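Reading through the structure tokens given below for one structure.
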Amino acid sequence: MENLQSLLHGFTIAITVPHLTLMVVGVLLGILVGVLPGLGAPNGVSLLLPLTFGMQPVSAIILLSSMYWGALFGGSVTSILFNIPGEPSSVATTFDGYPMARDGRPTTALATAFGSAAFGALVGVILITFLASWVAQVALAFGPPEYFAVYFLAFASFIGMGGAAPIKTLVALAIGFAIAAIGIDTVSGSVRLTMGIDELVKGVSFVVAVMGLFGIGELLIAVEEEFHARAVSSRVDWKEVFRALGRLPHHGVALLRSAAIGCWMGITPGGPTAASFMSYGIAKRFSRNGSRFGTGEAEGIVAPETADHAAGTSALLPMLSLGIPGSATAAVMMGGLMIWGLNPGPMLFVDQKDFVWGLIASMYVGNIVAVVLVLLTVPVFAALMRIPFAVIAPLIVIICVVGAYSVSNSYLDIVLMLGFGVFGYLFKKLHYPLAPLVLAIVIGDKAEDAFRQAMLMSKGSLGIFFANRLVTTLVLAGIALLLLPLALQIVRLLRKTDEAAHEKVRII
Amino acid sequence: MKIVSKLLLSTTLLLLGGALPATAAWKPQKPIEFVATAGPGGGTDNLARAVQSIITKYKLTDQPVVVVNKGGGSGAEGYVYGKASAGDPYKVIFGTSNAWQQPLVSKVAFNYTDLTPIAAMAQDEFLLWVKQDAPYKTAGDFLKAAAASEFKMGGAQSKDTDEVLTRMIEKVAKVRFTYIPFKSGAEAAVQLAGGHIDAHVNNPSESLGQWRGSTQRPLCAFSAKRLPQGPKVTTSEGWSDVPTCVEQGLAISQYEQPRTVWLPGKVSPEQTAFYVDLMKQVQATPEWKEYIEKTSQVDTFLTGKAFDDFIKQDLEHVKQVAGEQGWLVK
């Protein structure tokens, strides 16, 4: 009840003309940086940060968090239209969003994505509102073994899905881990796998890898197949936006499950990327239409988008209450908080009530503003699909090159990105799945750090993964998810009802 | 838009990189790039951005200043970039003591001698932190308990300042710790609050919020005298109430982490002088004082020979610890 009162007070701060204006500006800027891959939310927020130094902290955070919402929404646009994920967390959206858009339904794909994203975000904010103090306590229970168990769970829920042979999944994972290992190793402090290239000490940026693997890789395939049909005659239809939104409740189960996964991964250190992958994997396994995932199934968009935004929103909570940022953008905002003279941490909720509750209220309002604005842009973005392939292809190359370069102003990244493009093409041609590779690149080194930290703590005994109830449950859940496909296959073999392998399964 | 201007900027930098007049009083003729050897939000990044905003506010130079983050590889990315930009006075590298410490312990492709030192601008202090409800009142209690069982000490990165200090405590107090490296001090602070580790040696700003929120408290400060008096952190205590470690019988009289500023190698003395002077002007502003106070650092300004001597002294010291631990490369 007390929270509710504070929230109402927060609304009186958030809903004022200057603050609403800031939200609109922030969201629009956010959509812009979200749509341009490589710029992304963290960079956008850090570019804007110096402008906020003269502002009231609460106005400043409203501007920055609105930009964050805008960027989260905008990041899905290029994933769906061009198969180029602007943020690590929108990779899973490409799996079904892109095929759907390519089939001539970009409006439906975008509207479905935005609608479910808004739902996920709202669930995340509601969680923050009512469970703030409890959530902070939960996050504290996570030490290195628990971190590792969460990552393990994410990997486990994703393995064995997709149409690829298990051994190919394993190969893709292994390559991903190797790429994640490049650079300085946190635990030993030594330089690994730089292969004589000094600059590689910084490691391989996720954005660079993904833009090559997905953007350029897909482009090469398209060029080969002479994909003339690419210029889809999609009607720009407002009704379609509402129809897509109206169909969302049909995916109620998926929405709720994905929001739950998202919130859970946002509070625990898994983060939005792991959340969206895990949600997609689980949806594929448990959905009635699971076998059609990867061909443009609406539920395959709903699952990752809802989880991504639920996690992205709830990830702000550990930042405020504990001072640990749950995402790169949250880290930038935390830097901002310190510059504005606020100290993130347990006392923020006590000392800076106006700030905290103004921010939480602005999350409600900001998300609504964001979803309205972004839905307004759907027809514009969908119209991009009507541009002939011959025009759009060079544009995609330019976007990828500029995006890769702007990650850290490095030419090496452009070369790497193009290399990854060839790699992505080969993967597709040879029917190797890209998703496990990407997952391993994104959370592989974190999983490795957590595992080795746990091993340091236990002096090499694996018993630490069964040392308390939390970590045991997580590990057992992971093992269960890992064995489930195997068990199902055995059951199927026993029944001898060998359904002819689905021809249409798209390898992701 | 932003990307385009970034691109334009870097093309201009490339085109103009070679031809630079080295006149008596050198002045920058084009935009200046501040390279923070840390990710956005890190301590070094905050310093670079604070300096940038002061320079912009007081118009200390006519040219715009942009901050870029090159924090990969524990900062090595930024230093390698600095090395590769030899002769370019439009790149200012912001770092810490890892400019000379990192090359000692890992095979990174730079050394601090590849850069031109400008100044050490602020010193971050180190404290010994334990969980709020831990039974130890003093560093002495803590070390007594640590002698009985092997404690887990967390810290940022491996073989970096935090681990060096941990190993120094081991040697002085004759105890053994299991050192667990995390990505940052903030991460170590949360691990301590959750009770997953027994202690860490964070800088004041890294654990300020945690102290205020009563999840952890400092036992002692690794400095020669008590920290300067500031506003109270908790209801009853402030930084100046924390005893020094020497007072508590842990004989490490001084351990600090300087925030350092560099130019690439092969720049002219006039160019170096310009930036030394620029940093001096920054330091004279009230905003700088505010930044120092907010981040609970100690204001210093070492340049020229004083800075060189400081590096040499610190290097000797780290070499010794690293040698004993078998960390030295080559």
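These protein sequence lines are chains A and B, in that order. Sequential numbering of the first sequence, starting at 1, is according to the working numbering. Sequential numbering of the second sequence, starting at 1001, is according to the working numbering. Positions of the beta carbon are idealized from the N, C-alpha and C atoms, including for glycine. Just so it is clear, the structure is predicted and the values come from calculations on it, not from any experiment.
Exercise for the section: Given a cut-off of 8 angstroms, decide if B:Val1105 and B:Ala1273 are closer than it, judged by their beta-carbon atoms. Expected result: no
Problem - Per-residue contacts from A:Asp198 into chain B (C-beta, under 7 angstroms) - result: Contacts between A:Asp198 and chain B, judged by CB atoms closer than 7 angstroms, involve Val1080 and Ala1109 in chain order.
Problem - Pick from B:Arg1212, B:Phe1310 and B:Gln1102 that is closest to B:Gln1254, judged by C-alpha positions - result: The residue from B:Arg1212, B:Phe1310 and B:Gln1102 with its alpha-carbon nearest to that of B:Gln1254 is B:Phe1310.
Practice task
Please state whether DSSP places B:Leu1259 in a helix, a strand or coil.
Solution key: In the sequence as displayed, the identity of residue 1259 of chain B is Arg instead of Leu. B:Arg1259: strand per DSSP, three-state reduction.
Exercise for the section: Could you tell me which residues DSSP pairs with B:Asn1111 in its beta bridges? Expected result: Per DSSP, none; premise fails for B:Asn1111.
Problem - Where the beta strand (DSSP E) containing B:Arg1217 begins and where it ends - result: Gln1216 to Ala1221
Practice task
Output yes or no for whether 8 angstroms exceeds the beta carbon distance between A:Val42 and A:Val401.
Solution key: Reading off the sequence, residue 42 of chain A comes out as Pro, not Val. No, these two residues do not count as a Cβ contact at 8 angstroms.
Exercise for the section: Let me know if B:Gln1029 comes out buried or exposed under the rule of 16 or more other beta-carbons within 10 Å of its beta-carbon. Expected result: exposed
Practice task
Using only the heavy atoms of the ligand SAH, determine whether one of them is closer than 7 angstroms to the beta carbon of A:Ala132.
Solution key: With respect to small molecules bound, the structure shown includes none, and the ligand SAH cannot be examined in it.
Problem - Beta-bridge partners of B:Val1066, as assigned by DSSP - result: B:Glu1033
Problem - 3 or more residues per run - each beta strand (DSSP E) lying fully within the segment 1222 to 1310 of chain B - result: 1256 to 1264 and 1298 to 1302
Practice task
Tell me, to the nearest whole angstrom, how far the beta carbon of A:Ser66 is from that of A:Val27; I am working on the premise that it is less than 8 angstroms.
Solution key: 5 angstroms
Problem - Reduced DSSP secondary structure (H/G/I, E/B, other) of B:Tyr1179 - result: strand
Handout entry: Proximal residues, the segment 447 to 479 of chain A versus chain B, C-beta separation under 8 angstroms
Key = For the segment 447 to 479 of chain A, residues whose beta-carbon sits nearer than 8 angstroms to a beta-carbon of chain B comprise Asp449, Gln453, Leu456, Met457 and Lys459.
Problem - Distance between B:Phe1142 and B:Tyr1136 (C-alpha atoms, nearest Å) - result: 5 angstroms
Practice task
Note down, in chain order, all residues in the segment 395 to 427 of chain A with a beta-carbon under 9 angstroms from any beta-carbon belonging to chain B.
Solution key: Val402, Gly403, Tyr405, Ser406, Ser408, Asn409 and Ser410
Exercise for the section: Check A:Val187 in the structure and name its three-state DSSP category. Expected result: coil
Practice task
Go ahead and label A:Trp238 buried or exposed: buried means 16 or more other beta carbons lie within 10 angstroms of its beta carbon, across all protein chains shown.
Solution key: By the neighbour-count rule (16 or more Cβ atoms within 10 Å), A:Trp238 is not buried but exposed.
Problem - Three-state class that DSSP yields for B:Phe1093 in the structure shown - result: Checking the displayed sequence, the identity of residue 1093 of chain B turns out to be Ile instead of Phe. DSSP places B:Ile1093 in strand when its eight states are reduced to three.
Exercise for the section: Over the uninterrupted beta strand (DSSP E) stretch that includes B:Gly1154, give me the two end residues. Expected result: Phe1151 to Ala1156
Problem - Within-8 angstroms CB hit, A:Asn3 to chain B - result: no
Exercise for the section: Kindly say whether B:Ala1076, judged by its beta-carbon, lies nearer than 8 angstroms to any beta-carbon of chain A. Expected result: yes
Problem - Alpha-carbon to alpha-carbon, A:Met338 and A:Pro57 - result: 10 angstroms
Practice task
Indicate whether the contact test is met: 3 or more Cβ pairs, each with one atom in the segment 1203 to 1211 of chain B and one in the segment 476 to 484 of chain A, closer than 8 angstroms.
Solution key: no
Handout entry: Extent of the continuous beta strand (DSSP E) run through B:Trp1129
Key = Leu1127 to Lys1131
Handout entry: Contact the segment 431 to 446 of chain A vs the segment 210 to 221 of chain A: 3+ CB pairs below 8 angstroms
Key = Contact between the segment 431 to 446 of chain A and the segment 210 to 221 of chain A is present: 3 or more CB-CB pairs across the two stretches fall below 8 angstroms.
Practice task
State yes or no: is the C-beta of A:Val208 within less than 8 angstroms of the C-beta of A:Ala404?
Solution key: yes
Practice task
Look at B:Ala1076 and A:Ile184 and say whether their C-beta atoms are less than 8 angstroms apart.
Solution key: Going by C-beta atoms, B:Ala1076 is nearer than 8 angstroms to A:Ile184.
Practice task
Just the C-alpha distance for B:Gly1071 and A:Pro18, rounded to the nearest angstrom, thanks.
Solution key: The alpha-carbon separation between B:Gly1071 and A:Pro18 amounts to approximately 36 angstroms.
Exercise for the section: Use the C-beta contact count for A:Ser276: other C-beta atoms within 10 angstroms, 16 or more gives buried, fewer gives exposed. Expected result: Burial call: buried.
Exercise for the section: Would you check if there are 3 or more beta carbon pairs closer than 8 angstroms linking the segment 452 to 468 of chain A to the segment 196 to 205 of chain A? Expected result: The segment 452 to 468 of chain A is not in contact with the segment 196 to 205 of chain A.
Problem - Exposed unless 16 or more other CB atoms sit within 10 angstroms - verdict on B:Ala1022 - result: Note that B:Ala1022 has pLDDT 43, beneath the 50 cutoff, so the model's placement of it is unreliable and no number is given.
Practice task
For B:Pro1204, count neighbouring Cβ atoms within 10 angstroms of its own Cβ and tell me buried if that reaches 16, exposed if not.
Solution key: buried
Exercise for the section: Identify, in the order they occur along the chain, each residue of the same chain with its Cβ nearer than 7 angstroms to the Cβ of B:Gln1132, setting aside the five sequence neighbours on each side. Expected result: Ser1214, Thr1215, Gln1216 and Arg1217
Problem - Helix, strand or coil at A:Asp103 according to DSSP, with G and I counted as helix - result: coil
Exercise for the section: Quick one: list the residues of chain A neighbouring B:Ile1180, beta-carbon separation under 8 angstroms, in chain order. Expected result: Pro144, Gln453, Leu456 and Met457
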